[in-house]
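K.L.:
Residue numbers (full-length UniProt numbering): 1 to 216.
1) Closest to residue 22 by C-alpha separation, out of 144, 42, 101 and 125, would be which residue?
2) From this set, 90, 102, 172 and 33, which residue's C-alpha is nearest residue 142's C-alpha?
3) Is it the case that the stretch 177-197 contacts the stretch 6-13, given that we only count it when at least three CB pairs across the two stretches are under 8 Å?
4) Would you check if there are 3 or more beta carbon pairs closer than 8 Å linking the stretch 80-99 to the stretch 173-180?
5) Between which two residues does the alpha helix (DSSP H) carrying residue 47 extend?
6) Along the alpha helix (DSSP H) that carries residue 210, what are the first and last residues, could you check?
7) Roughly how many angstroms separate the alpha carbons of residue 196 and residue 45, rounded to a whole number?
8) Pick out whichever of 112, 155, 136 and 181 has its Cα sitting closest to the Cα of residue 76.
9) Could you name each continuous alpha helix (DSSP H) segment of 4 residues or more that falls completely within the stretch 82-117, going from the start of the chain to the end?
10) When the Cα atoms are used, what is the spatial distance from residue 101 to residue 59?
11) Counting along the chain, where does the beta strand (DSSP E) carrying residue 155 start and finish?
12) Excluding the 5 residues preceding and the 5 following residue 124 in the sequence, name in chain order all residues of the same chain whose CB lies nearer than 8 Å to its CB.
13) Apart from the five residues on each side of it in sequence, which residues of its chain come closer than 6 Å, Cβ to Cβ, to residue 202?
14) Residue 151 and residue 34 look like a contact to me (Cβ under 8 Å); what is the Cβ gap, rounded to whole Å?
15) Return the chain-ordered list of same chain residues with a C-beta closer than 6 Å to the C-beta of residue 148, the five sequence neighbours on each side being excluded.
16) Grouping DSSP H, G and I as helix and E and B as strand, with all else coil, what is residue 61?
17) Within 10 Å of its beta-carbon, does residue 207 have 16 or more other beta-carbons around it, so buried, or fewer, so exposed?
18) Give every residue of the same chain whose Cβ lies closer than 7 Å to the Cβ of residue 194, excluding the five residues on either side of it in the sequence, and list them in chain order.
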């Protein structure tokens, strides 16, 4: 029972990291993705790059993170966290680019005619168009971040080993120790968190997009 409580507590820590990282990535890449998607020339050039970055094995960059964290005496609980979203954030970008590219031309022209600007333009035009695409990208990025936590919350380079308290490092340490019951427990707990995350957050967001954020 104590192992289960420990795993659940560490799962909450990893969940907080995932939520914070997805929010930060969204604040960065949604505006960028809309800007790119509304410019076909840029979209054609940059969307394949975003797809490539999503497929790039981000763990090859982990040693540089270890060197930086150790050299600058940073807190691993904070600064290992970005490694979880290093390779998954790009799903948000290229899905938002796709959504912005699919905005109907007549809708964009009507927004220009009616002089829609700022938040009004985002609320009436951009968000209804890109939100379903965004949810798809954020859902994929979220799931990928949970998986990435297993290698991102416990990283080594040479004789340096860093850990962030979380379910990912719990599974990684149990795997290294050959403690398969704890590995299985960690995987089950992570699966429960991911399923609950999908049902309680992403599925309602999909429903909200269909009911309230529709272009038709």
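Beta carbons: idealized from backbone N, C-alpha and C, even for Gly.
P.N.:
Let's see:
1) Ranked by Cα distance from residue 22, the options 144, 42, 101 and 125 are led by 144.
2) Ranking 90, 102, 172 and 33 by Cα distance to residue 142 puts 90 first.
3) At 8 Å Cβ cutoff, the stretches touch.
4) Between the stretch 80-99 and the stretch 173-180 there are fewer than three C-beta pairs closer than 8 Å, too few to call the two in contact.
5) Annotation for residue 47: the continuous alpha helix (DSSP H) segment containing it runs 40-55.
6) Segment 203-211, the alpha helix (DSSP H) holding residue 210.
7) In a straight line, the C-alpha of residue 196 is about 37 Å away from that of residue 45.
8) When only C-alpha atoms are compared, the closest one is 155.
9) Segments of the alpha helix (DSSP H) lying fully in the stretch 82-117: 82-85, 90-101 and 105-113.
10) Taken atom to atom, the span from the alpha-carbon of residue 101 to that of residue 59 is near 31 Å.
11) Per DSSP, the continuous beta strand (DSSP E) segment holding residue 155 begins and ends at 154-157.
12) Here the set comprises 111 and 116.
13) Taken in chain order, the residues that qualify are 139.
14) That belief does not hold up - the Cβ atoms of residue 151 and residue 34 are roughly 32 Å apart, past 8 Å.
15) Here the set comprises 84.
16) The answer is helix: DSSP assigns residue 61 an H, G or I state.
17) By the 16-neighbour rule on beta-carbons within 10 angstroms, residue 207 is exposed.
18) Excluding sequence neighbours, residue 194 sits near 143 and 146.
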